[in-house]
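A.B. asks: Can you read through this structure? Questions will come right after.
In UniProt numbering, the protein residues as written are 1 to 288.
Shown next, in the form of structure tokens:
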């Protein structure tokens, strides 16, 4: 049985020009221990889809779905309090701007310990010991001293490691990583990706990797969902997607990779939304 099963997710925002549909009928499933990549250009609805699952969209957003079930529980039928008991404990998310995601007014130790206090009810010493253990696990040097540091006293890569530590604090069943390497230089990007994959294997959790980087997809994922303008264009295992893409948008996306450049010009995707059609099975909830 799928750990997370979403059918026909729709997210709309009210704007001055009328309702704007940011996510338009997306369906997905992820199994325990599986790595699912959601790929697409900026504005394709990748992050909004997962923020809807987390319940972190503003109150002005209208979220609907035929089905949103996590570990056998209907998330659409949950109260706000019931969902809060799951979010951060059984489903955790790493955001793409680590420095902006951490509270600048509190030490990193306080922010990690707050997760442990709220979800696990640990006492002060147990929280401290667990926080040191988590920072050690994600490769922060001198972790006991670093608990007293504020986010601005740490590098971007260290802040991202702190975010990963917070996400792993309660041993979640599902980890959502929203472009976790975007704000980092290339060397640190590789370290963070390697760390995520190592921790995913060690903890046996499912991982949803949101990215626009096809190289990250090829390196990390078991299956891939391609999104464009709020719609799912294609879903396939990694090898099938790269070797035999079914959607004309996926083919255009792969052809626009820098390694396919000829001469001095990078490949681009021509055309409008209407020019791209989903693969035949993309709108279905079942897997390819």
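Don't be surprised by glycine CBs; every beta carbon is placed ideally from N, CA and C. Please read these numbers as outputs of a predicted model, since none were measured by experiment.
(1) Using DSSP's beta-bridge definition, name the partner residues of residue 74.
(2) Looking at the structure shown, is residue 303 part of a helix, part of a strand, or coil, going by DSSP?
(3) Which stretch, first to last residue, makes up the beta strand (DSSP E) that contains residue 178?
(4) Whole alpha helix (DSSP H) runs in the region 122-167 with 4 or more residues, listed along the chain?
(5) Would the region 200-215 and the region 77-88 be scored as touching if the rule is three or more Cβ pairs under 8 Å?
(6) Could you name the residues that DSSP lists as bridge partners for residue 250?
(7) Rounded to the nearest angstrom, what separates residue 114 and residue 192 at their Cα positions?
(8) Does the contact criterion of 3 or more C-beta pairs under 8 Å hold for the region 223-236 versus the region 246-263?
(9) What are the boundary residues of the beta strand (DSSP E) that residue 28 is part of?
(10) Grouping DSSP H, G and I as helix and E and B as strand, with all else coil, what is residue 234?
(11) When DSSP labels each residue in this structure, what does residue 194 get in the three-state scheme?
(12) With distances taken from CA atoms, which of 6, 11, 39 and 37 is nearest residue 28?
(13) Return the chain-ordered list of same chain residues with a C-beta closer than 8 Å to the C-beta of residue 102, the five sequence neighbours on each side being excluded.
(14) Among the residues of its own chain, which have a CB less than 6 Å from the CB of residue 44, if the five just before and after it don't count?
(15) What is the DSSP secondary structure of residue 227, counted as helix, strand or coil?
(16) Looking at the secondary structure, which residues open and close the alpha helix (DSSP H) in which residue 82 lies?
(17) Should residue 173 be listed as close to the ligand FAD, given that the test is whether its C-beta is under 6 Å from any heavy atom?
(18) Kindly indicate which three-state DSSP category residue 12 falls into: helix, strand or coil?
(19) Within a Cβ cutoff of 7 Å, which residues of the same chain sit near residue 220, ignoring the five residues on either side of it in sequence?
(20) Does the contact criterion of 3 or more C-beta pairs under 8 Å hold for the region 51-67 versus the region 12-31?
(21) For residue 217, tell me which candidate among 231, 230, 240 and 199 has the shortest Cα-Cα distance.
(22) Taking the beta carbon of residue 232 as the centre, do at least 16 other beta carbons fall within 10 Å, making it buried, or is it exposed?
(23) Pick out whichever of 180, 145, 130 and 53 has its Cα sitting closest to the Cα of residue 86.
C.D. replies: For this structure:
(1) Looking up residue 74 in the chain shown gives position 74. Bridge partners of residue 74: 69.
(2) Because the chain spans 1 through 288 in this model, residue 303 falls outside it and cannot be assessed.
(3) Within the chain shown, numbered from 1, the residue matching residue 178 stands at position 178. Start and end: 174-178.
(4) 124-137 and 143-146
(5) no
(6) What you label residue 250 is simply residue 250 of the chain shown in a count that begins at 1. Paired residues: none, contrary to the question.
(7) Numbered from its first residue, the chain shown carries residue 114 at position 114. Numbered from its first residue, the chain shown carries residue 192 at position 192. If you take the alpha carbons of residue 114 and residue 192, they lie about 24 Å apart.
(8) yes
(9) Numbered from its first residue, the chain shown carries residue 28 at position 28. Run containing residue 28: 18-30, per the beta strand (DSSP E) assignment.
(10) Here residue 234 refers to the residue found at position 234 when the chain shown is read from its first residue. Strand.
(11) Counted from its first residue, the chain shown places residue 194 at position 194. The answer is helix: DSSP assigns residue 194 an H, G or I state.
(12) Residue mapping note: residue 28 aligns to position 28 of the chain shown, counting from 1. Residue 6 is the option with its Cα nearest to residue 28.
(13) In the chain shown, residue 102 corresponds to position 102, counting from 1. These residues qualify, in order along the chain: 108, 111, 151, 159, 162 and 163.
(14) Working through the chain shown from its first residue, we reach residue 44 at position 44. For residue 44, where only same-chain residues beyond five positions count, the Cβ hits under 6 Å are 227 and 228.
(15) Position 227 of the chain shown, counted from the start, is the residue given in the question as residue 227. Reduced to three states, the DSSP call for residue 227 is strand.
(16) Numbered from 1 along the chain shown, position 82 holds the residue referred to as residue 82. Unbroken alpha helix (DSSP H) run through residue 82: 80-86.
(17) By its list of ligands, the structure shown contains no ligand whatsoever, and the ligand FAD lies outside what it can speak to.
(18) Sequence index remark: in the chain shown, residue 12 carries index 12 (1-based). Reduced to three states, the DSSP call for residue 12 is strand.
(19) For the purposes of this step, residue 220 is identified with residue 220 of the chain shown, where counting begins at 1. So the list reads 35, 37, 193, 197 and 209, once near-sequence residues are dropped.
(20) yes
(21) Stepping through the chain shown from its first residue, residue 217 is reached at position 217. Ranking 231, 230, 240 and 199 by Cα distance to residue 217 puts 240 first.
(22) Along the chain shown, one-based indexing puts residue 232 at 232. Buried is the call here.
(23) Reading the chain shown from its first residue, position 86 is the one you call residue 86. Taking only the C-alpha atoms, the option nearest residue 86 is 53.
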